[in-house]
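Participant: Residue numbering for the sequence shown follows my numbering, beginning at 2 and increasing consecutively. Heads up, the beta-carbon is just placed ideally off N, CA and C, and yes, glycines get one too. Supplied in structure tokens, the structure appears directly below.
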Amino acid sequence: MAKDVADDEGKEKKGSWGKVLLLTLNLLLFLAGVGFFLLTKFGLLSTNMLSATAQEGGEPVVEQPVAPKPAVARVRHPDNLVPFSLRPFTVNLNDPKRERYLRINLTADVWGEEAQQDLESRLPEIRNRLIFLLTSKSFTDINTVEGKYQLQEEIKKQINEAVGWDAVKEVYFTEFIVQ
2 MAKDVADDEG
12 KEKKGSWGKV
22 LLLTLNLLLF
32 LAGVGFFLLT
42 KFGLLSTNML
52 SATAQEGGEP
62 VVEQPVAPKP
72 AVARVRHPDN
82 LVPFSLRPFT
92 VNLNDPKRER
102 YLRINLTADV
112 WGEEAQQDLE
122 SRLPEIRNRL
132 IFLLTSKSFT
142 DINTVEGKYQ
152 LQEEIKKQIN
162 EAVGWDAVKE
172 VYFTEFIVQ
């Protein structure tokens with residue numbers, strides 16, 4: 002009986018070391034994956050730094066990172082986002098069965114002050130485009146969540162077409178009432 006107890010303790014020790022080893026390996030793999038993700042996500046590793054060619058001595062040579070080209074287009078960086086609010090819209094919906102109207106208030110994230118100035122200079126055209134877009138919609142077009150997302154994309158497209166470049170990153174509804 003004492004022998005059986007000693008055998009059981011030996012099995013537990015062997016099994017526990019295996020579990021510890023397996024857990025440690027899993028943790029190391031997880032940390033390596035997280036480290037690689039963080040390095041690539043935040044630009045610490047780039048494809049230029051990862052590519053290496055063999056030299057005569059067999060040692061790899063890491064290429065120097067290429068300097069970024071000067072920005073010809075407008076700068077689009079998340080830190081440059083500026084909110085741009087439009088006055089509320091109240092329009093009749095295109096619904097032949099019932100008279101319905103839509104009251105909508107919009108705010109957009111735009112790419113910096115230059116985009117904000119472009120939108121302000123084209124504001125009459127933007128409002129005109131959006132009025133035509135909104136009055137072409139029926140209640141069934143905008144009643145669902147998918148319909149509202151579709152409307153957001155269409156509004157974004159109309160604003161960007163009015164200013165001539167992708168000045169708007171995202172459009173948000175701050176008020177959406179259908180009656």
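So what's Glu171 in DSSP terms, helix, strand or just coil?
Facilitator: Glu171 falls in the strand class under three-state DSSP.
Participant: When you compare each of Thr141, Val21, Gln159, Trp166 to Pro97 by their alpha carbons, which one comes out closest?
Facilitator: Thr141
Participant: Using only alpha-carbon positions, find the residue among Asn95, Asp167, Gly113, Leu28 that is nearest to Ile132.
Facilitator: Asn95
Participant: What would DSSP say about Pro84, mapped onto helix, strand or coil?
Facilitator: strand
Participant: Taking the alpha-carbon of Leu107 as reference, which of Leu29, Thr91, Leu26, Asp167 has the nearest alpha-carbon?
Facilitator: Each of Leu29, Thr91, Leu26, Asp167 was checked against the Cα of Leu107, and the nearest Cα belongs to Thr91.
Participant: Using three-state DSSP, classify Asn93 as helix, strand or coil.
Facilitator: strand
Participant: Identify, in the order they occur along the chain, each residue of the same chain with its Cβ nearer than 6 Å to the Cβ of Thr48, setting aside the five sequence neighbours on each side.
Facilitator: Unreliable positioning characterises Thr48 in this predicted model, as indicated by a pLDDT of 44, which lies under 50. A coordinate reading is not provided.
Participant: Smallest Cα separation from Ala163: which of Ser86, Asn129, Leu23, Leu32?
Facilitator: Here the closest residue by C-alpha is Asn129.
Participant: Tell whether a beta-carbon distance below 8 Å holds between Ile160 and Leu152.
Facilitator: no
Participant: Counting along the chain, where does the beta strand (DSSP E) carrying Asn106 start and finish?
Facilitator: 102-112
Participant: On the DSSP bridge assignment, give the partners of Ile178 in chain order.
Facilitator: Arg104
Participant: Where does the unbroken alpha helix (DSSP H) through Arg123 begin, and where does it stop?
Facilitator: Per DSSP, Arg123 belongs to no alpha helix (DSSP H) and is neither H nor E.
Participant: Helix, strand or coil: how does DSSP classify Thr25 here?
Facilitator: Helix.
Participant: DSSP three-state label for Ser139, please.
Facilitator: DSSP, reduced to helix, strand and coil, places Ser139 outside both helices and strands of the structure shown, so it counts as coil.
Participant: Would Ala33 be called buried (16 or more neighbouring beta carbons within 10 Å of its own) or exposed?
Facilitator: exposed
Participant: Report, in whole angstroms, the separation of the C-beta atoms of Lys171 and Ala109, which I expect to be a contact under 8 Å.
Facilitator: The question names Lys, yet the displayed sequence has Glu at residue 171. A Cβ-Cβ separation of about 7 Å places Glu171 in contact with Ala109 under the 8 Å criterion.
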